[in-house]
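Here is the structure we will look at.
Chains as they are written, first to last, in the working numbering: chain A, 650 to 890; chain B, 650 to 890.
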C-alpha cells in the first residue's frame with residue numbers, strides 16, 4: 650500500500666511509527682500544505698525507516714502521479730476538509746490528524762463521501778492506544794469499577810511557541826476541536842456511550858499574545874444512560890511539567 | 650445575645666461550636682421543625698456547653714416568649730424561607746444552613762427584608778473557615794499562584810442513610826443547592842469574582858432507591874474577568890473513604 654503525506658502541523662509521523670507492524674506499507678511522497686511549511690521531520694523519519702520520499706509542491710500532482718492508497722492529512726486544522734474530500738472522492742483512504750473537520754456540514758459530507766466510495770477516513774486518536782488508556786478501557790469493560798456514572802477529564806498542554814496559524818480562529822478552528830477532542834473521544838471510548846448534549850465555555854484572555862486562541866475551555870456532556878461528563882482543557886501546563 | 654434553634658437537619662451545632670469565642674452568647678431554646686424531628690444533638694451539645702435549652706413545639710411561641718437576637722434555622726431545605734422571613738421581619742438575625750433559599754424570588758425577598766429591618770442572614774458556609782481552605786484563599790490573595798484562570802471542584806459525599814425528605818424534590822430542593830453550593834461558594838471566595846452564567850446537568854439514576862435525589866451533578870460557570878469554573882458533585886464516595 651502506497652502512502653503519501655500532506656502537511657505536518659501535527660502527528661503525521663505516527664503513520665511512520667506503524668511501519669514495523671505493517672510490512673506491506675510503502676511510504677512514497679510528501680507535499681507541504683502551505684508555502685514554507687517545514688517537512689523535515691516527515692522526510693527524516695521516513696528516511697530512518699528506509700524510505701526516500703519524493704517531494705511535491707502540488708497535492709493534485711502528487712495524487713495523480715503517485716496514486717497512493719492512503720493519504721496522511723496533517724495540514725492546518727480548518728483546511729482539512731477540501732483535501733480529505735478530494736482524496737476520499739478518488740477512493741483514497743485518509744489518515745488525518747484530529748479534528749478531521751471543524752464544522753458539522755463538512756463532517757457529514759466526509760462521512761457520505763467515504764461511504765459512497767468505500768474508502769476509510771480515520772482520525773489520529775492515537776492516545777486511545779497508549780498502554781495506560783487502553784488498560785483503563787479494558788478494566789472498565791471488565792467491570793473493575795462497576796458502572797460508569799460520571800467522567801471528568803483534564804487536558805493541560807504546554808503553551809510553548811505555537812505556529813502562527815494557532816492565533817487565528819479561521820485557520821486554528823478552536824481549542825476544543827484540537828485539545829479537548831482527545832478527552833471527548835476517551836469518554837466515548839471508556840463508557841461506550843454517545844453524547845446527547847454538550848455545553849462549552851472558552852476564553853482567550855491571558856493567552857500570552859496568542860491572538861484568538863482559546864487558552865482555557867470547559868465542556869459539560871450528557872451521555873446515553875444518564876452518564877454525565879466534564880472536560881477542561883488549557884495551555885497553562887508549566888513548561889517544566 | 651440570645652440564640653434559639655429551629656430544626657436540626659444539617660449543621661445547627663456549628664452555632665454552639667462558636668461558644669468559646671463568643672462569651673456574650675446565650676443559648677436559650679429550641680423547637681423541632683417537623684413532628685418527630687430528632688433534636689437530641691442540639692440539646693446535648695448545648696448541655697455540654699453549659700446550657701439547658703427550653704423546648705418548644707411551636708416556633709411562633711418560641712420567638713414571642715424568648716425574643717431571641719439570633720435564630721438558627723436548620724429545617725428541611727425547601728422550607729427555610731417562611732421562617733427566615735418571619736425572623737428577619739421581626740429584626741431577628743438568622744444563621745441558616747445552606748441553601749438559605751431554593752428559588753430566586755425567595756432569595757431576593759430575604760435580601761430585601763434583611764435590608765429593611767437592618768438584620769443579618771448568614772449561611773452556614775463553614776467550610777470557608779476550615780484551615781486548609783482558608784489558607785488556600787490567603788495564598789491565592791497573596792499571589793502565590795498568580796492569576797486564577799480556571800477552578801475545578803469535586804464534592805463527593807458518602808450516601809449513607811439519608812432522611813426521607815432527601816428523596817423528595819419538594820422538600821430536598823436539589824443536590825446542587827445542598828452539596829455543590831460549597832464548591833460554588835469556594836469559587837467565589839478564592840477568585841473574588843462573581844458568576845455571570847451557569848449551566849448544570851444532573852441525574853438521579855442509579856441512586857440506590859433515593860427517589861428524586863440527584864446522585865450526580867455537573868455545573869459549568871463563567872465568572873467575571875473571563876474565569877471559567879466547573880463543579881461536580883456526587884454521593885458515590887465509598888463509605889470507607
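Beta carbons: idealized from backbone N, C-alpha and C, even for Gly.
Determine the direct distance from the alpha carbon of residue j to that of residue i, and round the result to whole angstroms.
i	j	result
residue 650(A)	residue 718(A)	6 Å
residue 798(A)	residue 784(A)	19 Å
residue 657(A)	residue 792(B)	40 Å
residue 709(B)	residue 748(B)	22 Å
residue 675(B)	residue 831(B)	28 Å
residue 702(A)	residue 790(B)	56 Å
residue 873(A)	residue 743(B)	43 Å
residue 887(A)	residue 807(A)	6 Å
residue 664(A)	residue 857(A)	33 Å
residue 829(A)	residue 707(B)	56 Å
residue 723(A)	residue 865(B)	39 Å
residue 824(B)	residue 815(B)	9 Å
residue 714(A)	residue 728(A)	23 Å
residue 862(A)	residue 883(A)	11 Å
residue 795(A)	residue 768(B)	50 Å
residue 733(B)	residue 683(B)	16 Å
residue 661(A)	residue 822(A)	19 Å
residue 735(B)	residue 762(B)	9 Å
residue 686(A)	residue 787(A)	39 Å
residue 730(A)	residue 755(A)	6 Å
residue 699(A)	residue 668(A)	10 Å
residue 671(B)	residue 652(B)	12 Å
residue 778(B)	residue 655(A)	58 Å
So, helix, strand or coil for residue i, using DSSP?
i	result
residue 796(B)	coil
residue 767(B)	coil
residue 854(A)	coil
residue 724(B)	coil
residue 624(B)	Chain B is shown from 650 up to 890; residue 624(B) falls before or after that span and cannot be answered.
residue 845(B)	strand
residue 833(B)	helix
residue 825(A)	helix
residue 714(A)	helix
residue 689(A)	helix
residue 655(B)	strand
residue 890(A)	coil
residue 807(B)	strand
residue 760(B)	helix
Taking the continuous beta strand (DSSP E) assigned at residue i, which residues delimit it?
i	result
residue 677(B)	675–680
residue 885(A)	876–886
residue 871(B)	865–872
residue 750(A)	No beta strand (DSSP E) contains residue 750(A), which DSSP labels as neither H nor E.
residue 683(B)	Taken as a continuous stretch (DSSP letters only), residue 683(B) belongs to no beta strand (DSSP E), as it is neither H nor E.
residue 698(B)	That residue, residue 698(B), is in no beta strand (DSSP E); it is neither H nor E in DSSP.
residue 660(A)	Premise fails: residue 660(A) is in no beta strand (DSSP E) and is neither H nor E.
residue 745(A)	742–745
Would you mind reading off the limits of the alpha helix (DSSP H) that contains residue i?
i	result
residue 781(B)	780–790
residue 649(B)	Past the boundaries of the shown model lies residue 649(B); chain B is included only from 650 to 890, so the question cannot be answered.
residue 730(B)	729–738
residue 666(B)	663–666
Residues in the segment 793–821 of chain A having any Cβ partner in chain B nearer than 8 Å: 796, 798, 799, 801, 803
Segment contact, 8 Å Cβ cut-off, at least three pairs: the segment 798–809 of chain B with the segment 685–694 of chain B: no
Does the contact criterion of 3 or more C-beta pairs under 8 Å hold for the segment 670–687 of chain B versus the segment 875–890 of chain A? no
Residues of the segment 857–879 of chain A whose Cβ lies closer than 7 Å to any Cβ of chain B, in chain order: 865, 867, 869, 871, 875, 877, 879
Examine the Cβ distances between the segment 764–780 of chain B and the segment 830–850 of chain B and report whether three or more of them are shorter than 8 Å. yes
Contact list for the segment 835–851 of chain B against chain A, Cβ threshold 7 Å: 848, 850
Near-chain A residues of the segment 756–786 of chain B - C-beta to any C-beta below 7 Å: none
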